[in-house]
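Position 388 of the sequence shown, counted from 1, bears residue number 387 in numbering that gives the first Met the number 0, the numbering being contiguous throughout. Here a beta-carbon is modelled for each residue, glycine too, at the ideal position from N, C-alpha and C. Model, not experiment: these values are computed from the prediction. For reference, the structure is listed below as structure tokens.
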Amino acid sequence: MASTATTRRRPRRGSKGPNADLSRTLTDCTRLSAHQYNQLLHLLAATDRSSFPSPPAAAARRVFAHMLQAAAPPSEATITSLARVIAADPASAADEAFELVATMKDKYGLSPRLRSYGPVLAAFRRAGEAAKAYAVEAHMTASGVSPEEPELAALLDVSSRAGDADKVYEYMHKLRQAVHCVSEETAGVVEAWFRSDEAATAGKPQWDAAQVKDAIVANGGGCHRLGWLGTGPWTVQRVRVGDADQCGGCRFHLACIDIDMEETQRFADSVAGLALERETKTNFSRFQEWLEANKDYQAIVDGANIALYQQNFAEGGFSLTQLDGVITELRDRYHGKWPLVILHNKRISKLMENSSNRHLIETWRTNGALYTSPSGSNDDWYWLYAAIKLNCLLVTNDEMRDHIFELLGPSFFPKWKQRHRVKYTFNKGKAVLVMPPPYSSELQESEMGSWHIPIEEKSGNERGRIWLCIGRGGSCKEHGEVPSTNGAVHKVPQTEASNVVQQGLTENKDESITGKRKDRD
Numbered sequence: 000m001a002s003t004a005t006t007r008r009r010p011r012r013g014s015k016g017p018n019a020d021l022s023r024t025l026t027d028c029t030r031l032s033a034h035q036y037n038q039l040l041h042l043l044a045a046t047d048r049s050s051f052p053s054p055p056a057a058a059a060r061r062v063f064a065h066m067l068q069a070a071a072p073p074s075e076a077t078i079t080s081l082a083r084v085i086a087a088d089p090a091s092a093a094d095e096a097f098e099l100v101a102t103m104k105d106k107y108g109l110s111p112r113l114r115s116y117g118p119v120l121a122a123f124r125r126a127g128e129a130a131k132a133y134a135v136e137a138h139m140t141a142s143g144v145s146p147e148e149p150e151l152a153a154l155l156d157v158s159s160r161a162g163d164a165d166k167v168y169e170y171m172h173k174l175r176q177a178v179h180c181v182s183e184e185t186a187g188v189v190e191a192w193f194r195s196d197e198a199a200t201a202g203k204p205q206w207d208a209a210q211v212k213d214a215i216v217a218n219g220g221g222c223h224r225l226g227w228l229g230t231g232p233w234t235v236q237r238v239r240v241g242d243a244d245q246c247g248g249c250r251f252h253l254a255c256i257d258i259d260m261e262e263t264q265r266f267a268d269s270v271a272g273l274a275l276e277r278e279t280k281t282n283f284s285r286f287q288e289w290l291e292a293n294k295d296y297q298a299i300v301d302g303a304n305i306a307l308y309q310q311n312f313a314e315g316g317f318s319l320t321q322l323d324g325v326i327t328e329l330r331d332r333y334h335g336k337w338p339l340v341i342l343h344n345k346r347i348s349k350l351m352e353n354s355s356n357r358h359l360i361e362t363w364r365t366n367g368a369l370y371t372s373p374s375g376s377n378d379d380w381y382w383l384y385a386a387i388k389l390n391c392l393l394v395t396n397d398e399m400r401d402h403i404f405e406l407l408g409p410s411f412f413p414k415w416k417q418r419h420r421v422k423y424t425f426n427k428g429k430a431v432l433v434m435p436p437p438y439s440s441e442l443q444e445s446e447m448g449s450w451h452i453p454i455e456e457k458s459g460n461e462r463g464r465i466w467l468c469i470g471r472g473g474s475c476k477e478h479g480e481v482p483s484t485n486g487a488v489h490k491v492p493q494t495e496a497s498n499v500v501q502q503g504l505t506e507n508k509d510e511s512i513t514g515k516r517k518d519r520d
């Protein structure tokens, strides 16, 4: 008879019994993951130091040491949180924090991000250590990280307090390139510099006016970048822009800023390169040659966009009447000068079957106002390249958000579009053109050395925006003419009708581009 007694199992070879299993379980429960270490460091970075029993920096160092000892891999967020805690230490451990950020690539294979540098720059700013702040910026540049407004404001402030006029000038222009409008905090930093004794002594009493004017044209109309002009104390005012698009403080005509000449050429080359990749090469090359021989245009017209505007109804079609209305309006504005209309060959072939259409098309051809893009092409490349290459206006409601425009990159395309695109609508059958803004809400440096700096306006009311008007004596008042840009039309009077429809176009943006189709066949 088999025994019913429970047979005690023998322990497996190498096992130390149930106590060993319990020990392993307890060890696993006390081991933290990398994510949990990061959470601890993040909490220490955000803690209220006044209520913390010991310095948060000391606690953060212990957490990080435990993390490394446990072989938990640190991430960029780990080093950034640790650097933030240490940089905020009243004992001024900014050097240690910078060392952490500067060596994360070599030690851990991690690339620092913009947020990694901010706390370090802020610490050096508080300590007034300008040279070390510049070293942080140099490391950012070497790491491919571009400073944004908070970082530039810190660099501007530490330079201002160090009395380094050349560095302040450098960071004013970096700020101009990075943002359109400044925050209230940055505006305070700028005001403090221009009211300082060091600012009053910075500059030269005489300069070559022609050289300065040429530099402004080459830079797109918004700056000369030739250093501080003039001497003596600065006057700093907070003003609004008046009805005549003049500064409310000094009556200076604000500039409509374009991309500079070098950027314009790179932009044209970029568009041409992409078009040659995607179009039949001989077709687009032939267009480039033709355009080189026919440069005298003030405006390029996206013919299909206008002819198809709001034509998505039963009797709608390709409206040459609308297109002719826009051409007539342009000629009225520019003393009879013809624009260049880009239309696809497929469209022209069909339109020529109608006698009235044929007469219009032949008139445009006779006056050099029409270029037909060939079969198999995308006419977008043609009108965009022509407007950039000739540095003139582009009449279209196309928002240019398609993938082909995304390939151009965000660096200067938005500024170019704002400066060159003319939108349109129709009021009782008459074409109404909505010209580019008469001035740019961007940091501006004039040919007399004055500065105009827009401050953020959260309401969206451009006329309510506050500007800093900064000048020396009569540096603004002596020059009231409209600043020139790099060859584009820059002071175009808006008609009463265009002012009336401006708001309507904004509110009905989707409707305004209804009917836009790509011509590609």
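Discussion item. Run through the DSSP bridge pairs and tell me what L421 is partnered with.
Written reply: The sequence given here has Val at residue 421, not Leu. DSSP output for V421 lists V394 as bridge partner(s).
Worksheet item: Taking the C-alpha atoms as reference points, what is the distance between A58 and P435?
Response: Distance from the CA atom of A58 to the CA atom of P435, rounded to whole angstroms, is 57 Å.
Worksheet entry | Reduced DSSP category for D165 - H, G, I as helix; E, B as strand; rest coil | Under the three-state reduction of DSSP, D165 is assigned to helix.
Worksheet item: Considering only residues of the same chain and omitting the five flanking positions on each side of G162, which have a CB-CB separation below 6 Å?
Response: If you ignore the 5 residues before and after G162, its C-beta comes within less than 6 Å of the C-beta of E197, all in its own chain and listed in chain order.
Fill in: Bridge partner(s) assigned by DSSP for P453
Per DSSP, W466.
Practice prompt. Note down the Cα distance separating P472 from A130, rounded to an integer number of angstroms.
Written response: The sequence given here places Gly at residue 472; Pro does not occur at that position. In this structure, the straight-line span from the alpha carbon of G472 to that of A130 is close to 33 Å.
Fill in: Close Cβ partners of A274 (< 6 Å) along its chain, the five nearest in sequence each way excluded
Excluding five sequence positions before and after A274, the CB atoms of its chain that fall closer than 6 Å to its own CB belong to F283, W380, given in chain order.
Fill in: Distance between beta carbons of A122 and A86, contact taken as under 8 Å
Here A86 really is in contact with A122; their C-beta atoms are around 4 Å apart, less than 8 Å.
Fill in: Touch test, the stretch 178 to 186 against the stretch 204 to 214, Cβ-Cβ under 8 Å, three pairs minimum
Contact between the stretch 178 to 186 and the stretch 204 to 214 is absent, because fewer than three Cβ pairs lie under 8 Å.
Practice prompt. Let me know if K294 comes out buried or exposed under the rule of 16 or more other beta-carbons within 10 Å of its beta-carbon.
Written response: Classification of K294: exposed, given that the 10 Å Cβ count is below 16.
Discussion item. I want to know whether the stretch 306 to 313 touches the stretch 388 to 395 - three or more CB-CB distances under 8 Å.
Written reply: Taking 8 Å as the limit for Cβ pairs, the verdict is that the stretch 388 to 395 does not touch the stretch 306 to 313.
Discussion item. Since V119 and L155 should fall inside the 8 Å C-beta cutoff, what is the C-beta to C-beta distance between them, to a whole number of angstroms?
Written reply: In this structure V119 does not touch L155 by the C-beta definition: roughly 16 Å separates them, more than the 8 Å allowed.
Discussion item. Three Cβ pairs or more, each shorter than 8 Å: is that satisfied between the stretch 446 to 462 and the stretch 225 to 233?
Written reply: Judged by Cβ distances under 8 Å, the stretch 446 to 462 makes contact with the stretch 225 to 233, as three or more pairs qualify.
Worksheet item: With which residues is Q443 paired in a DSSP beta bridge?
Response: Q443 has H451 as its beta-bridge partners, per DSSP.
Worksheet item: Considering only residues of the stretch 267 to 339, which uninterrupted beta strand (DSSP E) runs meet the minimum length of 3 residues and lie entirely inside it, listed in chain order?
Response: Taken in chain order, the unbroken stretches of beta strand (DSSP E) that lie wholly in the stretch 267 to 339 and span 3 residues or more are 298 to 301.
Worksheet item: For T230, does the three-state DSSP call read helix, strand or coil?
Response: In this structure, T230 counts as coil in the three-state DSSP scheme.
Worksheet item: Who are V521's beta bridge partners in DSSP?
Response: The structure shown has nothing for residue 521, since the chain only spans 0 to 520.
Item to complete: Could you work out which residue in G316, T77, A243, T320 is closest to G428 when comparing CA atoms only?
Response: Taking only the C-alpha atoms, the option nearest G428 is T320.
Worksheet item: Counting pairs of beta carbons, one from the stretch 291 to 307 and one from the stretch 329 to 341, are three or more of them closer than 8 Å?
Response: Enough Cβ pairs lie closer than 8 Å, so yes.
Worksheet item: Would the beta-carbon of H172 fall within 8 Å of that of C249?
Response: No, these two residues do not count as a Cβ contact at 8 Å.
Item to complete: Would you check if the distance between the CB atom of D378 and the CB atom of H343 is smaller than 8 Å?
Response: Yes, the pair counts as a contact, with Cβ atoms nearer than the cut-off.
Worksheet item: With distances taken between CB atoms, is the gap from S374 to K345 smaller than 8 Å?
Response: The Cβ-Cβ distance between S374 and K345 falls below 8 Å.
Worksheet item: Going by C-alpha distance, which of S53, F251, P72, T46 is nearest Q35?
Response: Checking every option, the nearest Cα to that of Q35 belongs to P72.
Worksheet item: Do you know how far the Cα of Y170 is from the Cα of S74?
Response: If you draw a straight line from the Cα of S74 to the Cα of Y170, it comes to about 31 Å.
Worksheet item: Can you tell which of I256, A191, D257, V240 has the C-alpha that lies nearest to the C-alpha of P232?
Response: Of the candidates I256, A191, D257, V240, the one whose C-alpha sits nearest the C-alpha of P232 is A191.
Discussion item. Please classify P204 as buried or exposed, where buried requires at least 16 other C-beta atoms within 10 Å of its C-beta.
Written reply: Exposed.
Discussion item. Please classify L43 as buried or exposed, where buried requires at least 16 neighbouring CB atoms within 10 angstroms.
Written reply: With 16 or more other Cβ atoms from the protein chains shown falling within 10 Å of its own Cβ, L43 counts as buried.
Item to complete: Mind checking who T371 pairs with in its DSSP beta bridge?
Response: Answer is L342, bridged to T371.
Worksheet item: With distances taken from CA atoms, which of R237, P149, Y370 is nearest S115?
Response: Shortest Cα-Cα distance from S115 to any of R237, P149, Y370 involves P149.
Practice prompt. Could you tell me the boundaries of the alpha helix (DSSP H) in which H138 lies?
Written response: Looking at the DSSP string, the run of the alpha helix (DSSP H) that includes H138 is 129 to 141.
Item to complete: Could you tell me if V499 is buried or exposed, where buried requires 16 or more neighbouring beta carbons within 10 angstroms of its beta carbon?
Response: The predicted model places V499 with a pLDDT of 32, which falls under 50 and marks its position as unreliable; any figure quoted below should be read in that light. Looking at its Cβ environment, which holds fewer than 16 other Cβ atoms inside 10 Å, V499 is exposed.
Worksheet item: Would you call N304 buried or exposed, if buried means 16 or more other Cβ atoms sit within 10 Å of its Cβ?
Response: So N304 counts as buried.
Practice prompt. Determine the contact status of A430 and G302, defining contact as a CB-CB distance below 8 Å.
Written response: Result no, Cβ atoms of A430 and G302 do not sit closer than 8 Å.
Discussion item. Tell me the rounded alpha-carbon separation between Q245 and H252.
Written reply: Q245 and H252: Cα-Cα distance of roughly 4 Å.
Worksheet item: For H223, which of helix, strand or coil comes out of DSSP?
Response: DSSP places H223 outside both helix and strand once states are collapsed to three, so it counts as coil.
Worksheet item: Between A96 and A82, which are expected to be in contact by the criterion C-beta below 8 Å, what is the C-beta distance as a whole number of angstroms?
Response: Contact holds; Cβ gap of about 4 Å.
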